[in-house]
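Residue numbers (my numbering): 7 to 395.
A virtual CB, placed ideally from N, CA and C, is assigned to each residue, including glycine.
The structure displayed is predicted, hence computed values, not measured ones.
Encoded as structure tokens, the structure appears first; notes follow it.
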Amino acid sequence: MIPEKVQESLTLALLGKVREMKARGEDVVSFAAGEPDFDTPSFIIEEATRSMKAGNTRYVASQGQPNLREAIATDYRERLASKWVTPANIVVTGGAKQGLYLLMDVIMEPGDEALIPVPYWVSYPSIVKSVSGVAKPLACQEANGYFPTAAELEAAYTPKTKILLFSSPGNPSGTMIRETQLKEIIDWCAKRKVYLLYDELYERLVLSPERKHISALSLVDESASEYVFAINACSKTMAMTGWRLGWIAGHPENIKRLTAIQSQMVTCFPGFIQDAAAKGLREAEGFLEPIVKAYRARRDLILTGINSIPGLKCIKPDGAFYLFVDVSAVIQKKGWADEKDFAAKILESERVVVVPGGSMGMKGWVRLSFATSEEEIKMGIERFRRFCD
Ligand SMILES: Cc1ncc(COP(=O)(O)O)c(C=O)c1O
């Protein structure tokens, strides 16, 4: 047998379970989804069909089609204030996950360390492990939105530290990094020659109008970008999770090296999907507005509802579509073992699916996705209330 390097993604396994339960007709309220409940906009689907019918079904450039890289670069320059970004700064990947894996694989030697601020996206430690790296969770302050300070990074640093990895907006926290914090982190990374993998997958899903997403590439110029990578994808913002289309943005020499590996590993990603993504990116503003509005209304609904239940405490999510909830007081009151026990019991007695937070570095917490209808959210809150009573 081949070695069992990592375990299957907990959230994907849960999603599969929910699908089966729903197919059996069970009355289940799922807060497990890590994907939008909106469908891919039809004009994106039509563009993929058009492209396929026009014959774009062969190998294309390993770095990504020029039209897609141009659309991404334009977006960085015009919307994300990263004025120097051109198609030479972009390599196309199979979703954000393959981009992250690729970077880890290139940067890490066996035994090298990746610092991962807590709470983190469930897959980060497994991706590190799959390239024989060591994932080092880093506890950060709630007051700092769970993002690290330079002093915290310095205290965790060893000569084996090669990567710092986090997302903003955060999954599961929904917190967003501020410009001064990001600048401090970028400076520290350059000083210590640690690569920052800045995952901005949810950057268009900003739910608090007073907050703004800051792109890491807007805080450095090209010559100072050696240690900075931005990772993004169409998955969450354009409701294209199944299309597997993402990208990495960074220094052109780094991008060349990543492209060489893509050419040996995957050859390329489908051209018709890249055409569709390019069109989606160019026209995103139009269809995103009502979607963000819907997520905002759901955020307000679930935040107010869950916070009103005695014993529960939440982080207010400024972005993405997750609510991270401290259920430790309820666990203690009921004499249960931990948040995994909480998740198993709420599934058993109330048919509510949540993701245990231990897998994201915070025991005693659970993650609720609100990428689901207001009706389900209301039903879920009532079940939570009954369960925690
Ligand atoms: C923070 C974060 N990064 C990366 C991913 C993976 O994204 P993709 O589906 O584009 O591979 C996810 C998916 O849940 C995520 O939440």
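- Shown here, Ser365 sits in a helix according to DSSP, grouped into three states.
- Distance between Phe327 and Ser231, taken at the CA atoms: about 30 Å.
- Ser314 has its CB no nearer than 7 Å to any heavy atom of ligand 1.
- Residue side-chain check: Gly180 keeps its Cβ at 7 Å or more from all non-hydrogen atoms of ligand 1.
- Ligand 1 has no heavy atom closer than 7 Å to the beta-carbon of Thr243.
- At least one heavy atom of ligand 1 sits closer than 7 Å to the Cβ of Thr247.
- Ile192 and Glu115 have their alpha carbons spaced roughly 22 Å apart.
- Inclusion of Glu119 and Thr155 in the CB contact set at 8 Å is not warranted, their separation being larger than that value.
- Glu52 and Ala282 have their C-alpha atoms roughly 8 Å apart.
- A contact between stretches requires three or more CB pairs, one per stretch, nearer than 8 Å, and the region 87 to 105 fails this requirement with the region 314 to 326.
- In the DSSP annotation of this structure, the continuous segment of the alpha helix (DSSP H) that includes Val336 starts and ends at Ser334 to Lys340.
- Only residues of its own chain outside the window of five on either side were considered, and among them Asn95, Glu228, Ser231, Glu232 and Val234 have a CB closer than 8 Å to the CB of His257, listed in chain order.
- Going by DSSP, Lys262 is part of the alpha helix (DSSP H) stretching over Pro258 to Met271.
- Closer than 7 Å to some heavy atom of ligand 1: that does not describe the Cβ of Ser136.
- Taking the Cβ of Asn177 as the reference point, at least one heavy atom of ligand 1 falls within a distance shorter than 7 Å.
- Remark: the shortest separation between the CB of Ala283 and any heavy atom of ligand 1 does not fall under 7 Å.
- The region 359 to 371 and the region 338 to 347 touch, with no fewer than 3 CB-CB distances between them shorter than 8 Å.
- At least one heavy atom of ligand 1 sits closer than 7 Å to the Cβ of Ala102.
- Per the coordinates, the alpha-carbon of Thr99 lies some 43 Å from the alpha-carbon of Trp342.
- DSSP links Phe275 through a beta bridge to no other residue.
- In the displayed model, Pro143 falls within a strand according to three-state DSSP.
- About 6 Å separates the beta carbon of Met110 from that of Gly139, a gap short enough to meet the 8 Å contact definition.
- In the displayed model, Leu211 falls within coil according to three-state DSSP, outside both helix and strand.
- In its chain, beyond the 5 residues on either side, Leu318, Glu345, Phe348, Gly370, Trp371 and Val372 have a beta carbon closer than 7 Å to the beta carbon of Val333.
- Judged by the Cβ position, Ala239 qualifies as a neighbour of ligand 1 at the 7 Å threshold, a heavy atom of the ligand being closer than this.
- Secondary structure at Ser48: helix, using DSSP grouped into helix, strand and coil.
- In the DSSP assignment, Ala239 falls within the unbroken beta strand (DSSP E) covering Val234 to Ala239.
- For Gly252, the uninterrupted beta strand (DSSP E) segment begins and ends at Gly252 to Ala255.
- Between the alpha carbons of Lys23 and Trp90 lies a distance of about 45 Å.
- Per DSSP, Asp205 lies in no alpha helix (DSSP H) segment; the continuous beta strand (DSSP E) that holds it begins and ends at Tyr201 to Asp205.
- The closest heavy atom of ligand 1 lies less than 7 Å from the beta carbon of Ser173.
- Taking all protein chains shown into account, Lys285 has 16 or more neighbouring C-beta atoms within 10 Å of its C-beta and is therefore buried.
- Secondary structure at Tyr328: strand, using DSSP grouped into helix, strand and coil.
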